[in-house]
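Enquirer: Below is a structure I'd like to ask you about.
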Amino acid sequence: MVQIRMRKLFFLYIAISTVAFIWFYSSCGFPECKEKEIEHLIKKYKARNKELDKKISDLSQQLQGCQKNVMSSGRTEFSHSPIIYMVTPTHTHSEQKANLVRLSHTLLHVKNIHWIVVEDSVSKTVLVSKFLQNSGVKNTHLAALTPHEIKMKYNDPTWLKPKGVLQRNAALQWIRENVKPNRDGGVVYFADDDNTYSLEIFQEMRNTKKVTVWPVGLVGGLRYEKPVVKDGKVPDVLILFTLRYFKLRK
Numbered sequence: 013m014v015q016i017r018m019r020k021l022f023f024l025y026i027a028i029s030t031v032a033f034i035w036f037y038s039s040c041g042f043p044e045c046k047e048k049e050i051e052h053l054i055k056k057y058k059a060r061n062k063e064l065d066k067k068i069s070d071l072s073q074q075l076q077g078c079q080k081n082v083m084s085s086g087r088t089e090f091s092h093s094p095i096i097y098m099v100t101p102t103h104t105h106s107e108q109k110a111n112l113v114r115l116s117h118t119l120l121h122v123k124n125i126h127w128i129v130v131e132d133s134v135s136k137t138v139l140v141s142k143f144l145q146n147s148g149v150k151n152t153h154l155a156a157l158t159p160h161e162i163k164m165k166y167n168d169p170t171w172l173k174p175k176g177v178l179q180r181n182a183a184l185q186w187i188r189e190n191v192k193p194n195r196d197g198g199v200v201y202f203a204d205d206d207n208t209y210s211l212e213i214f215q216e217m218r219n220t221k222k223v224t225v226w227p228v229g230l231v232g233g234l235r236y237e238k239p240v241v242k243d244g245k246v247p248d249v250l251i252l253f254t255l256r257y258f259k260l261r262k
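Counted from 1, the sequence shown has number 78 at position 66 by this note's numbering; the numbering is strictly sequential.
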């Protein structure tokens with residue numbers, strides 16, 4: 013009985029081994045065939061990568077072309093419109109780049125605009141320089157340092173000391189030296205980097221002959237501040253901080 017059982021176990025072992033061997037080769041194939049299949053897949057993968065690299069290169073060139081079109085659109089198609097010289101003072105702080113990015117994305121939709129960004133610094137910083145190079149907006153980058161004795165302190169009221177005045181003056185000086193009124197014309201607009209601007213306001217300001225003023229929302233502790241217009245003149249403005257020394261006068 014023991015011999016018969018051993019014989020049965022032996023034949024069972026042979027049968028199981030044979031089935032396992034057949035299954036292994038039917039699933040995995042012979043080694044040389046599998047190697048050829050892997051080589052074929054590698055060649056196919058490399059060819060696909062080459063196609064994708066070419067496609068990426070083509071798309072990059074198209075993107076560069078689009079960026080050039082954006083840069084030049086304000087100077088060609090809309091060259092008949094008055095140029096807006098938009099002056100923006102800026103200084104180094106944690107939200108500086110975020111503010112400039114948001115503002116630049118608005119300006120990308122405005123034709124025939126020249127953005128003059130003036131840093132409150134001894135010299136132009138690398139951060140702002142690189143940002144402006146890639147902004148897609150025609151720009152001029154300047155720097156003008158505010159002296160320490162007239163810099164605003166953290167707790168100072170916003171009206172106590174001049175803020176951004178030296179930077180705006182530097183921009184105006186650049187305009188006087190580089191823009192010919194009789195030839196170039198245009199409009200100068202002071203725009204802070206932490207504000208939000210409607211596209212409609214840029215089209216409206218192009219028609220300015222002398223000075224244009226309009227309501228501004230969500231500033232100065234009020235829902236809006238606005239000029240008071242009487243007989244086509246602006247004798248006063250509606251503001252909350254009445255101690256401002258440089259508000260509009262008659």
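Every residue gets a Cβ at the ideal spot worked out from N, C-alpha and C, and that includes glycine. Nothing here was measured: the structure is a model prediction, and the numbers come from that model.
On the DSSP bridge list, what partners appear for residue 98?
Expert: According to DSSP, which records beta bridges pairwise, residue 98 is partnered with 127, 201.
Enquirer: For residue 245, write down the residues that DSSP places opposite it in a beta bridge.
Expert: DSSP output for residue 245 lists 242 as bridge partner(s).
Enquirer: Answer with buried or exposed for residue 162, where buried requires no fewer than 16 other C-beta atoms within 10 angstroms of its C-beta.
Expert: Per the 10 Å Cβ criterion, exposed.
Enquirer: Measure the alpha-carbon distance for residue 156 versus residue 66 and round it to whole angstroms.
Expert: Cα to Cα, the separation comes out at about 46 Å.
Enquirer: Looking at the strands, I want to know which residues DSSP matches up with residue 228.
Expert: Per DSSP, 237.
Enquirer: Would you mind stating whether residue 208 and residue 217 have Cβ atoms separated by less than 8 Å?
Expert: Result no, Cβ atoms of residue 208 and residue 217 do not sit closer than 8 Å.
Enquirer: Tell me whether residue 190 sits in a helix, a strand or coil according to DSSP, three-state version.
Expert: Of the three classes helix, strand and coil, the one that applies to residue 190 here is helix, per DSSP.
Enquirer: Using 8 Å as the limit for Cβ to Cβ distance, is residue 180 near chain D?
Expert: Chain labels in this structure do not include chain D; a single protein chain is all it has.
Enquirer: Where residue 75 and residue 120 are concerned, what is the direct C-alpha to C-alpha distance, given to the nearest angstrom?
Expert: About 15 Å.
Enquirer: Using a 10 Å radius around the Cβ and a threshold of 16 neighbouring Cβ atoms, would you call residue 229 buried or exposed?
Expert: Exposed is the call here.
Enquirer: Applying the 10 Å Cβ sphere with the 16-neighbour rule, what's the burial state of residue 131?
Expert: Residue 131 should be labelled buried.
Enquirer: Would you tell me roughly how many angstroms separate the C-alpha atoms of residue 133 and residue 60, rounded to the nearest one?
Expert: Near 51 Å, if we compare the C-alpha coordinates of residue 60 and residue 133.
Enquirer: Using a threshold of 8 Å, state whether the C-beta atoms of residue 128 and residue 164 are closer than that.
Expert: No, the pair does not count as a contact, with Cβ atoms beyond the cut-off.
Enquirer: What does a CB cutoff of less than 6 Å around residue 135 pick up in its chain, not counting 5 residues either side in sequence?
Expert: Excluding residues within five positions, the ones whose Cβ falls inside 6 Å are 155.
Enquirer: Do you know how far the Cα of residue 72 is from the Cα of residue 212?
Expert: One C-alpha to the other measures close to 33 Å.
Enquirer: Leaving aside the five residues before and after residue 106 along the sequence, list all residues of the same chain whose C-beta is less than 8 Å from its C-beta, in chain order.
Expert: There are no such residues.
Enquirer: Tell me the rounded alpha-carbon separation between residue 51 and residue 77.
Expert: If you take the alpha carbons of residue 51 and residue 77, they lie about 40 Å apart.
Enquirer: Residue 154 lies in the beta strand (DSSP E); which residues open and close that run?
Expert: That run of the beta strand (DSSP E) goes 151–155.
Enquirer: For the alpha helix (DSSP H) that residue 115 lies in, which residues bound it at each end?
Expert: Element bounds for residue 115: 108–119.
Enquirer: Would you identify the three-state DSSP class for residue 250, choosing helix, strand or coil?
Expert: If DSSP states are grouped into helix, strand and coil, residue 250 belongs with the strands.
Enquirer: Please state if the CB of residue 205 and the CB of residue 102 are separated by a distance shorter than 8 Å.
Expert: Cβ atoms of residue 102 and residue 205: closer than 8 Å.
Enquirer: Assign residue 201 to one of two classes, buried (16 or more other C-beta atoms within 10 Å of its C-beta) or exposed (fewer than that).
Expert: Its Cβ being crowded by 16 or more others within 10 Å, residue 201 is buried.
Enquirer: Within 10 angstroms of the Cβ of residue 235, are there 16 or more other Cβ atoms? Answer buried if so, exposed if not.
Expert: Residue 235 should be labelled exposed.
Enquirer: Helix, strand or coil for residue 61, going by three-state DSSP, please let me know.
Expert: Correct three-state label for residue 61: helix.
Enquirer: Three-state secondary structure (DSSP) at residue 89?
Expert: Residue placement at residue 89 is poorly supported in this model, since its pLDDT is 46, which falls under 50; the coordinates are not used for a value here.
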